Amino acid sequence: MRRPTRRVRKTTRALQVAGLLVIAASAAATFMLLPQASFDPPPVRMNQIGYRSHDAKRAAWIVPKTPPEEWPSRFVIREAATGEEVWSGKVPTKVQTDAATGDAVVRLDFSSFELPGEFTLDLEGVGETSPFRIADDVYAELYEGALRALTFQRCGEAVEIDGWSHPACHRARVMVLGDEASLQPLPGGWHDAGNYDRYVPPAVFAVWHLLLTASPLFDSSAARWDSDAVGLPESGNGVPDVLDEARVELSWLLQMQRDDGSVHHKLAKIDWTPVVAPEADHERQYLFAVSSAATAGFAGLTARAARSYRHADPGFARRCETAALRAWDWLESHPEVVPEGGFRNPPDVRIQGGEYGDGNDRDERFWAAAELWATTGDPRFVAGVREGFQRWPRIVERPMTWSSMAPAGFIAILEREEPVLDGGTTGPTGKDGEPFGESEADPRGWSTQIHTGFGHYAEAVAAGIREKGHPTALGGGDYIWGSNAISLSAGVLLVVADAMGACESDEAARGQLHYVLGANSLGRSFVTGFGWDPPRFPHHHPSETDDQDDPVAGFVVGGPNLSQTGSDRPARRYADTFESYHSNEVAINWNAPLVFLAGYWSPARQPETR
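Mapping of the sequence shown onto our numbering: residues 1422 to 2031, in sequence order.
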């Protein structure tokens, strides 16, 4: 359930700034732990918005250094409104040590309690939690809020969402860097993150997650994904709102393609955006050079979009397919990485903006081949598909990121093949429905290989989660910039593995949602506006510069970052301050997996009856 944040954001800003003035940065330190509003962790760590009725429900008590005989013997579930005890459970004595945090954890399991309502968990003699819900639609508001947060990121148009708003912004013409005569309008899309630049690689990654909701692997009509009543400007047009929002970014991406089929890497300023409201940002924006990674990712995404919009908007679907084929033609004529070594900010210009460089575009090229083959059935793409099996024989090794898109290609192959759900071994089919010959496809059957790879990945992740005190898929080295998105992206791949029948990984996947909603060492929700103590000071320029007490709701922040100081445990290196962009920025490629997962476990809206 979404809850209002405490009204401390504006009133503590002066204290934070004053704190920064008296903190001298060490010359040897890369980052520092910035001052933040005081926060007392809850007595137990759990999903702060709640659980579905029939799901596993576990909370984590970080035990004191006292013998078990001094611990409370039981914990109680109480009705939030009355305080009445409605269920009780025994506190186990088994302790799990969480390696990433150092926490000694006892898991409090109340899975058998399935009564819908609003409750608290009272660990006798230790403390009582704030209220949480048990309901089958407990993630529905989260899905809609996370999707509307992307709507708030829209550039070039006036936006009003849930009481937060900004006028139309960034309407000035942009210039190709170094070409004074190239001024052109290029409105639309989403602001990438806390500031107002726009980049192709993370945009591609974000939109892919939204389009995955239309995959034949899932019954989208059973999930919130099918809703056309989320509260977007396009709501009520007969198209699922998640596809409406994806189209906003797709329409901008289509403008980033040049006549020769290649795609500009980014649209950004020379320097970082000043901390101003979006409509007050008038600095010149530039189109930067093309890159093969951006072009290949664009090809994969638009080929998928051609399938996703085939029924909702056939004209737009054809436009996407044409753009994908043009991008592929350019890639075939440029088989090397462009530019050499991957995109870099030009060295002869003082560039301070993000780079999103990718020196290895083979995963994006494979993904493009797989999506184009799935969309067109044209045998010209089979060689590129086969190369993917040769390069990534294990299919999935890690969660996806904007620079690591190979799993998206394997998912596309499954969507094309007929025997996806029964684990059959028939090879892929050509455009006319006839099987490819052994010279064109692996006679063992690609779907079986993909099932096996996803299954092994999901089993390994689920086993790792069982050994931890907190339910995240993150390893010790994963607490980097955007660690929360790595956890959520792992959850998406676990959902895919479960849906294809490769592994029963649904609960492990849901653990990633629990983690970002408070089931973590810090006992913090990492989603603005959701939970007992959500982020109050995200690195998000519109939230920082508006006249609202609370930040825009529905954004997942980056999360613990090992580059942040303040703890000897990377999973605890987090600061809820605007200045800590290392741990508290927001980004479209972090929010999209949250949209996917929250919608997947939210039941579809029922038609209103009169």
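Even for Gly, the Cβ is constructed at its ideal location relative to N, Cα and C. The structure displayed is predicted, hence computed values, not measured ones.
Look at residue 1676 here: in three-state DSSP terms it is helix. In this structure residue 1474 is in contact with residue 1556, their Cβ atoms being roughly 7 Å apart against a cut-off of 8 Å. The Cβ-Cβ distance between residue 1867 and residue 1833 does not fall below 9 Å. Residue 2005 is classed as buried because its beta carbon has at least 16 other beta carbons within 10 Å across all chains shown. Put simply, the backbone Cα of residue 1953 is about 8 Å away from that of residue 1470. A Cβ-Cβ separation of about 7 Å places residue 1464 in contact with residue 1550 under the 8 Å criterion. For residue 1587, the uninterrupted beta strand (DSSP E) segment begins and ends at 1585-1587. With contact defined as three or more Cβ pairs closer than 8 Å, the segment 1628-1636 and the segment 1694-1702 are not in contact. The criterion of a C-beta distance shorter than 9 Å is satisfied by residue 1890 and residue 1517.
Fully enclosed beta strand (DSSP E) runs of no fewer than 3 residues occupy 1687-1689 of the segment 1635-1721, in order along the chain.
Secondary structure of residue 1538 (DSSP, three-state): strand. Going by DSSP, residue 1927 is part of the alpha helix (DSSP H) stretching over 1927-1937.
Just so you know, the alpha carbons of residue 2008 and residue 1490 end up roughly 46 Å apart. Take residue 1993, set aside five residues on each side of it, and the residues of its chain with a beta-carbon closer than 7 Å to its own are 1522, 1942, 1943, 1981, in chain order.
Within the segment 1722-1774, no beta strand (DSSP E) run of at least 3 residues lies entirely inside it. Between residue 1675 and residue 1597, the gap from beta carbon to beta carbon reaches 9 Å or more.
The residue among 2021, 1957, 2013 with its C-alpha nearest the C-alpha of residue 2000 is 1957. Within the same chain, 1727 come within 8 Å of residue 1739 by CB-CB distance, once the 5 residues on both sides are set aside. In this structure the segment 1814-1822 touches the segment 1868-1876; the number of beta carbon pairs closer than 8 Å is three or more.
Contact check for residue 1720 against residue 1835 fails: the beta carbons are separated by 9 Å or more. Residue 1766 sits buried, since 16 or more C-beta atoms from the chains shown fall within 10 Å of its C-beta. Residue range 1525-1530 is occupied by the beta strand (DSSP E) that includes residue 1530, with no alpha helix (DSSP H) assigned at that position. Here the segment 1581-1589 makes no contact with the segment 1617-1629; the two share fewer than three CB pairs at distances below 8 Å. Judged by pairs of C-beta atoms under 8 Å, the segment 1563-1574 touches the segment 2009-2023, as three or more such pairs exist. Relative to the Cα of residue 1706, the nearest Cα in the group 1773, 1477, 1963 belongs to 1773.
Burial of residue 1690 is indicated by the presence of at least 16 other C-beta atoms within 10 angstroms of its C-beta. Note on geometry: alpha-carbon atoms of residue 1644 and residue 1650 lie some 13 Å from one another. The three-state reading of DSSP puts residue 1878 in helix, counting H, G and I together. Residue 1762 and residue 1714 have their alpha carbons spaced roughly 11 Å apart. Proximity of the segment 1910-1929 to the segment 1492-1499 falls short of the contact definition, fewer than three beta-carbon pairs being nearer than 8 Å.
A distance below 9 Å separates the beta carbons of residue 1975 and residue 1948. Residue 1981 carries a coil assignment under DSSP once its states are collapsed to helix, strand and coil.
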